[in-house]
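J.: Protein chains in written order, with the numbering used here: chain B, 1 to 295; chain R, 1001 to 1569.
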């Protein structure tokens, strides 16, 4: 199960795009605004579990690789370039190198990689259809344009392959100099452009023939907002709301300079952490349950 | 009731003297099925584009185009969009969005229907066209035939009264084309939609058309019931005769000077009945059992037709004196996890022959060409090719780099050192040979599909390859140029050039190929001369053979059948 991930049996992916979007907005939004170790560790754990659940081993490899690269770069850059902080480790060219600066770099790198991991989950759950829907909801023109782009990109790819093969085969097994080969490549790109421009005239005709440009265009969707969507959405809003309320009361704050101060563990902090954890856990539980159904 | 009426319509493109349309008069009644035919570039597309408001070409117009008595130009936008549907030639270019369902909904979205209304209409059309199974797919994953059906369906959701189609099947393989035409017939019969279609492939359209309009150089030269048009074309000895269905050609060849009855046969069944009337009870009883053309899947038909040859391993190998292309046991698959496309393919092509590779869809025909040319590398086996070669790709546009036809041909000499005079001489000869001298100043993209095909072939031939590989060379060509193409290919083989072509065009291969080979399930099942190859196949054979087989099983082309009938009478 974990080798390739469970994306195809993902229950959460079957939910309405608005619900999907809402989840990722809350997950990413809250992570981005906190450097508090408790919140961050909840987010890290859930992000890793969910991405591995969806993407399998390849996702885990990707996560660890980004964590190391981003982590090392950010820790060292911040450590060597920021001279705030009270605990001096050593001096470099008369500059203070402090423990706090290193830790700040490390924590913010963890925050950043967690956001990246959340985005990788977002990418897996939100297919092109859902993106078109979401954008179409706010601005129908953008939704349609996006849909046309998703159509056009693979078309360009196949066309280029066709052109390349065509040129290649015209030449056959006759010898060519390197200069000729380069000019051939350039020509192939130029054919691609003129071919695409030419064919887009026909696409425009086809759009006009089907009434594009008439007043009062609607946008059709195959997504239906059902009862289970509203239930999940309400749960997310409640958990998210509690967490955000906690934040507004200052629970997620922490200070790195001049000395590291994590803040006090108050009941409100505990409540917001727990509700944030539950929020993040919702799709994970749904997906595990969804996979078990097929056993 | 008159749906469409053209009154004295003339039209010329800007900056040209010649009239693209010359005093056209014709009317189309409600629920009529009208076929417009004629040579490439005779004005069919120009005429059809005048029937749709937003697609009318730019130029000088005189005369009127009326839809239900109202001038098309003055038609209300909304009415024009819904009531007149237009399907174009290229399946790919007409698709706008990335999903099948979105494409179907596109027109209805423009009209501003609500979600519930769109859902209902789309569902209705999806089941009429039987596309529920690929409803959620990306359009890129569809085959050419499916794409064109989708284009048709996404027009039909708007419930048009008139459907105009401009050579809709020219880019499709014969099976997909036949499916498409059957669907059109169903639309006409079940929904009563008026259909106006321009097409080169008349074999299947003639029997179902109510009326046939023949165009030549911008004018209408015949406009009547199919049988009458057939008669008048034969009497006039018009070149368009060669575009007629085989059964009519056989009939008219036999009856040219005899008594031409009002009802000439239009399909295989009528053709057989006519022969029976003419020649009496057939002698070869084994061939008389009722047979149907193409079943659900071509691959099944082929398997049925070639059953003996597929399962009999002891077929004698043909002797090849001077093999110019030789593949030994090539195995190939596109992906680690995929199935093998080629499974131990052995192929030998003799020097100077026109070798045709036939077979159903997805049996590895194009892959064979690709592995011969080295575009794909077989995992096992060897490929030997003795000489320089060039390939004509399926899509001629893939070859064009320049802004005029002349320069396009000049570009073919890249890397070849000869004098300018010699180049010009060769180009002139080539333009003459391909019958495109009058187009030399035009941009390659402004040519029609058939003309582009000819230009692409010229460009390749100028490189003087010793071996020519053609992938579906007859796709989108009008029947007259097919004959010229056959002559060109014959001349080439006589000069020692070897031609290997992959084709779906049974009639063309039967008539002109020196050798036919069948690919089935990734290997070559048999290699025979066309006569033996098609003889006795129940499904996978020419229409002429299906008509005359009970009397002359060895006659494969319409000419052969006709001369056999004449000799017998």
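Don't be surprised by glycine CBs; every beta carbon is placed ideally from N, CA and C.
1. Is residue 28 of chain B helix, strand or coil when you go by DSSP?
2. Can you list, in chain order, the residues of its chain with a C-beta nearer than 6 Å to that of residue 1240 of chain R? Leave out the 5 residues immediately preceding and following it.
3. Is it buried or exposed, residue 1545 of chain R, if we count other Cβ atoms within 10 angstroms and call 16 or more buried?
4. According to DSSP, is residue 1007 of chain R helix, strand or coil?
5. So for residue 1291 of chain R, helix, strand or coil by DSSP?
6. With a Cβ-Cβ cutoff of 8 Å, do residue 1450 of chain R and residue 1481 of chain R count as a contact?
7. Find out if the Cβ-Cβ distance for the pair residue 1408 of chain R, residue 1358 of chain R is shorter than 8 Å.
8. Taking the runs of the beta strand (DSSP E) that are 3 residues or longer, which of them lie wholly in the stretch 1455 to 1519 of chain R?
9. Output the distance between the C-alpha atoms of residue 1106 of chain R and residue 209 of chain B, rounded to the nearest integer angstrom.
10. Name, in chain order, the residues that DSSP records as bridge partners for residue 1357 of chain R.
11. So, using beta-carbon positions, are residue 1212 of chain R and residue 1157 of chain R closer together than 8 Å?
12. Beta carbons nearer than 9 Å to chain R: which residues of the stretch 205 to 225 of chain B have them?
13. Buried or exposed for residue 179 of chain B, please, with buried defined as at least 16 other CB atoms from any protein chain shown within 10 angstroms of its CB.
14. So what does DSSP say about residue 1166 of chain R, is it helix, strand or coil?
15. For residue 225 of chain B, which three-state DSSP category applies?
16. Here's a check: name, in chain order, each residue in its chain whose Cβ is nearer than 7 Å to the Cβ of residue 1288 of chain R, leaving out the five neighbours to either side.
17. Expressed to the nearest angstrom, what Euclidean distance is found between the alpha-carbon atoms of residue 203 of chain B and residue 1096 of chain R?
18. Give me, in chain order, the residues of the same chain whose beta-carbon lies closer than 7 Å to that of residue 1528 of chain R; leave out the 5 immediate sequence neighbours on both sides.
19. On the three-state DSSP scale, how would you describe residue 1331 of chain R?
20. Closer than 9 Å between beta carbons: that is the criterion. Which residues of the stretch 1342 to 1355 of chain R meet it against chain B?
21. Thinking residue 1051 of chain R and residue 1026 of chain R are a contact (beta carbons under 8 Å), I'd like their distance in whole angstroms, please.
22. Can you name the residues of chain B whose CB is closer than 8 Å to the CB of residue 1081 of chain R?
23. Cα separation between residue 343 of chain B and residue 90 of chain B?
24. Going by beta carbon distance, what residues of the same chain come within less than 7 Å of residue 242 of chain B, once the five residues before and after it are set aside?
25. Check whether the stretch 1016 to 1030 of chain R touches the stretch 1170 to 1181 of chain R, taking contact to mean three or more Cβ pairs, one atom from each stretch, closer than 8 Å.
26. So which residues of chain B does residue 1105 of chain R contact, with C-beta pairs closer than 8 Å?
27. Less than 8 Å between the C-beta atoms of residue 55 of chain B and residue 124 of chain B, yes or no?
28. Please state if the CB of residue 1020 of chain R and the CB of residue 1046 of chain R are separated by a distance shorter than 8 Å.
29. So, with DSSP's three-state summary, where would you put residue 1219 of chain R?
30. Shorter than 8 Å from the beta carbon of residue 150 of chain B to some beta carbon of chain R?
31. Give every residue of the same chain whose Cβ lies closer than 7 Å to the Cβ of residue 965 of chain R, excluding the five residues on either side of it in the sequence, and list them in chain order.
32. Nearest CA to the CA of residue 1197 of chain R: which residue from R:1395, R:1152, R:1332 and R:1509?
33. DSSP on residue 11 of chain B, reduced to helix/strand/coil?
34. Use the C-beta contact count for residue 1089 of chain R: other C-beta atoms within 10 angstroms, 16 or more gives buried, fewer gives exposed.
35. Tell me residue 1323 of chain R's beta-bridge partners as DSSP assigns them.
36. With residue 92 of chain B as the anchor, note down where its alpha helix (DSSP H) starts and where it stops.
T.: Result, derived from the coordinates:
1. It is helical.
2. Here the set comprises 1214 and 1233.
3. Residue 1545 of chain R is buried by the Cβ-count criterion.
4. strand
5. Note on residue 1291 of chain R: pLDDT 47, under 50, position unreliable in the model; no value is reported.
6. yes
7. no
8. Counting whole runs of 3 or more residues, the stretch 1455 to 1519 of chain R contains the beta strand (DSSP E) stretches 1467 to 1471 and 1498 to 1502.
9. 11 Å
10. R:1502 and R:1517
11. no
12. Those would be 205, 206, 207, 208, 209, 210, 211, 212, 213, 214, 215, 216, 217, 218, 219, 220, 221 and 222, in chain order.
13. With fewer than 16 Cβ atoms within 10 Å of its Cβ, residue 179 of chain B is classed as exposed.
14. strand
15. coil
16. Its pLDDT being 47, under 50, residue 1288 of chain R is placed unreliably by the model, and the measurement read from it follows with that caveat. The residues are 1282 and 1550.
17. For residue 203 of chain B and residue 1096 of chain R, the distance between alpha carbons rounds to 6 Å.
18. 1516
19. Residue state for residue 1331 of chain R is assigned as strand, using DSSP reduced to three classes.
20. Answer set for the stretch 1342 to 1355 of chain R: empty.
21. The Cβ separation is near 11 Å, so there is no contact.
22. 209, 210, 211 and 214
23. Residue numbering for chain B in the displayed model covers 1 to 295; residue 343 of chain B lies beyond these limits and cannot be assessed.
24. 271, 272 and 275
25. When C-beta atoms of the stretch 1016 to 1030 of chain R are compared with those of the stretch 1170 to 1181 of chain R, fewer than three pairs fall below 8 Å, so the two segments do not count as touching.
26. Ordered by position in chain B, the residues that pass the 8 Å Cβ test against residue 1105 of chain R are 220.
27. Pairing residue 55 of chain B with residue 124 of chain B gives a Cβ-Cβ distance under 8 Å.
28. yes
29. strand
30. yes
31. With chain R covering only 1001 through 1569, there is no way to say anything about residue 965 of chain R.
32. R:1152
33. coil
34. So residue 1089 of chain R ends up on the buried side.
35. R:1350
36. Looking at the DSSP string, residue 92 of chain B is not in any alpha helix (DSSP H); the run it does join, the beta strand (DSSP E), is 88 to 92.
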